[in-house]
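In the numbering used here, the protein residues as written are 25 to 370.
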């Protein structure tokens, strides 16, 4: 794995003003700067101001920030989106990036102020920013339907970003039925069902969540192959009849002890030769990257659950062995997000 480059003064400045850097990105999204430059590349500051309804001073502040950060670039007297942003518009993934920005703005950033205290207390102190009861984000969201809807919409976008890795690396050859534990709104089951037409799926999650999943499944015309079942993934027995159990973006939420407990429940529910799949972002065993995992851990430390974190690849292999599985195999995604799959056999 590549190691981080030595820190420069410019790098230190970007870290020191990291919150301001995000605000430039966020403002560009909220004000419509990036879609405007996609439609009309090369606009001058005066033209941008007229289109966005901004006075001269705010336009100067915005363009200085986005251009210094490399989000936009000057071309003569006009401005263009950065090549990476142009690529997002061209391949249709800009709407995903917009959802991720809104997710950071409305859900993650209010809780991030409690990061230091979360480290001191070794628990998700930022959860106090979410109204409701319960010790994890998912139970609290049910008390705020609007925020819950935003959360699952943005989770769908995160999944759209990373699901190509799941589809590519989750080998379902010979599998008849997959149990998607903590399957949320069904986005992972839907993606896998579309890629594996001979396989059936069951989405297992909280009652409020599986109703969202049921609607999404019907919308995709997959109700004949994907069923839903309401359950507490820790307290309730897993339904029988599945030869594969999937934990997608699930084991980053819980403690090592809870993860072993979930894997043991999967082991008990599977027939001999059945397999378990873990899919989520991974950190390197070397403990020094990747940067994505390091920064995303601010969210995991402050909000989802008391012990949430992006674990190292090797930890999953240890938990599989402790739960009774064999033949653990790493399947990295090889993309800009550090998502991958680990599979193991009963």
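Cβ coordinates follow ideal geometry from the N, Cα and C atoms, glycine included.
- Spanning the alpha carbons of residue 310 and residue 230 requires a straight line of approximately 36 Å.
- In the DSSP assignment, residue 340 falls within the unbroken alpha helix (DSSP H) covering 337-347.
- Residue pairing by DSSP puts residue 226 in a beta bridge opposite 203, 251.
- Taken through DSSP and simplified to helix, strand or coil, residue 281 comes out as helix.
- Inter-segment contact for the region 242-253 and the region 170-187 is absent: fewer than three beta-carbon pairs are separated by less than 8 Å.
- Check the Cα spacing between residue 227 and each of 204, 245, 260, 247: the tightest is with 204.
- The criterion of a C-beta distance shorter than 9 Å is not satisfied by residue 291 and residue 225.
- Residue 89: not part of any beta strand (DSSP E); member of the alpha helix (DSSP H) spanning 80-92, first to last residue.
- For residue 269, the secondary structure class from DSSP, reduced to helix, strand or coil, is strand.
- Per DSSP, the beta-bridge partners of residue 102 are 99.
- With distances taken between CA atoms, residue 277 lies nearest to 258 out of 32, 354, 258, 232.
- Nearest C-alpha to residue 275 among 304, 297, 115: 304.
- Three or more beta-carbon pairs separated by less than 8 Å link the region 314-328 to the region 140-158, which places the two stretches in contact.
- The three-state secondary structure of residue 42, taken from DSSP, is helix.
- Pairwise C-beta distances place the region 77-89 in contact with the region 46-56, as three or more of them are shorter than 8 Å.
- Within the DSSP bridge table, the entry for residue 363 names 305 as partners.
- In this structure, the alpha-carbon of residue 315 lies about 17 Å from that of residue 41.
- Counting only residues of its own chain and dropping the five nearest sequence neighbours on each side, residue 156 has a CB closer than 6 Å to the CB of 164, 167.
- Under the three-state reduction of DSSP output, residue 330 falls in the coil class, being neither helix nor strand.
- Take the alpha-carbon of residue 317 and the one of residue 139: they are about 15 Å apart.
- Apart from the 5 residues on each side of it in sequence, residue 206 sits with its Cβ closer than 6 Å to the Cβ of 229, 257, 274 in its chain, given in chain order.
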